[in-house]
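Below is one structure, written out as structure tokens; the observations come after it.
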Amino acid sequence: MLAAVARYSRLMSEAAPPAAPQPASSASSANPYAPSTPVSIATPTPWGHAVVAGLALVGIVLNVIGGAGFPAAAPVEWLMNAGITIDLVAVLIACGIGFGVTLRARPVRPSLVLPWLGFGFSLVAFAAWAVSAVGLYETLFFDGRGRYMYDVGGVFLLGLPWTLGAIFSAYGLRRGTRAPLIAASWVGITLWAISLAGVLASALLYAADLTD
1 MLAAVARYSR LMSEAAPPAA PQPASSASSA NPYAPSTPVS IATPTPWGHA VVAGLALVGI
61 VLNVIGGAGF PAAAPVEWLM NAGITIDLVA VLIACGIGFG VTLRARPVRP SLVLPWLGFG
121 FSLVAFAAWA VSAVGLYETL FFDGRGRYMY DVGGVFLLGL PWTLGAIFSA YGLRRGTRAP
181 LIAASWVGIT LWAISLAGVL ASALLYAADL TD
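Okay, so the sequence shown: first residue is 1 according to this note's numbering, each after it adds one.
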């Protein structure tokens with residue numbers, strides 16, 4: 001009996017010690033598909049939509065007021081004025097919807113395409129307006145007399161890029177993104193606003209019989 005107890009004690013002493021507890025694996029090793037770098041997060045801002053929608057609303061009112069004063073025998077000018085008004089209505093609707101959406105929007109990834117698209121479209125439309133609006137410069141600064149259909153011809157013919165430039169610039173503006181993207185959106189909005197001011201000035205000057 002004593003020999004059996006001694007043998008049992010010797011076997012227990014020779015047994016391997018219990019393994020030390022291992023630290024829990026990290027989340028990255030547990031999920032080998034987890035991204036190694038954090039994803040950039042941006043927040044849609046309503047300010048771009050608010051600015052563009054507000055300018056579009058003012059533009060609609062002033063353009064309609066100007067068109068109401070056009071001569072009766074000016075069908076081409078009436079058509080061009082109506083086309084520009086339709087473009088402004090499209091901008092107002094798109095940015096009005098965008099304003100409402102951004103008020104409850106969740107964080108998203110920065111937009112890398114829309115700011116540059118908006119800037120590019122606005123730049124093209126602005127250049128077309130600047131080239132065609134020579135009569136407006138003569139009327140305002142050189143005591144000349146421009147012609148409405150020429151002064152707004154660039155914006156009217158490039159109405160789609162002009163409209164998309166404002167919309168894309170507003171939708172591409174987001175907080176928490178890189179400075180060049182923010183700058184591209186604001187420059188696109190500014191170029192659109194300058195050409196809008198020129199178009200409205202042409203309509204009001206023509207309604208006042210200061211241009212042909």
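In this text, a Cβ means the ideal position worked out from N, Cα and C, and glycines have one as well.
- A direct Cα-Cα distance of roughly 14 Å separates ARG175 from PHE99.
- Boundaries of the alpha helix (DSSP H) harbouring PRO180: 179–207, taken from the DSSP string.
- The Cβ-Cβ distance between THR85 and ILE65 does not fall below 7 Å.
- The residues LEU164, GLY165, ALA166, ILE167, PHE168, SER169, ALA170, TYR171, GLY172, ALA184, SER185, GLY188, ILE189, in chain order, have a CB closer than 8 Å to that of GLY118 in the same chain once the five nearest residues on each side in sequence are set aside.
- Residue state for PRO44 is assigned as strand, using DSSP reduced to three classes.
- When the five nearest sequence neighbours on each side are left out, the beta carbons in the same chain lying within less than 7 Å of the beta carbon of LEU55 are those of ALA193, LEU196, in order along the chain.
- Taking each of THR43, ASP143, LEU88, ALA53 in turn and checking the Cα distance to ASN63, the smallest one comes out for LEU88.
- Beyond the five residues adjoining it in sequence on each side, VAL52 comes within less than 7 Å, by CB distance, of VAL91, CYS95, ALA166, ALA170, ILE189 in the same chain, given in chain order.
- Residue pairing of ARG175 in beta bridges, as defined by DSSP: THR43.
- If you compare the alpha carbons of VAL101, GLY83, LEU140 with that of GLY153, the shortest gap goes to GLY83.
- In this structure, LEU191 and LEU123 form a Cβ contact; the two beta carbons are roughly 6 Å apart against a cut-off of 8 Å.
- Contact annotation, ASP212 with ARG147: C-beta distance approximately 5 Å; criterion of less than 8 Å satisfied.
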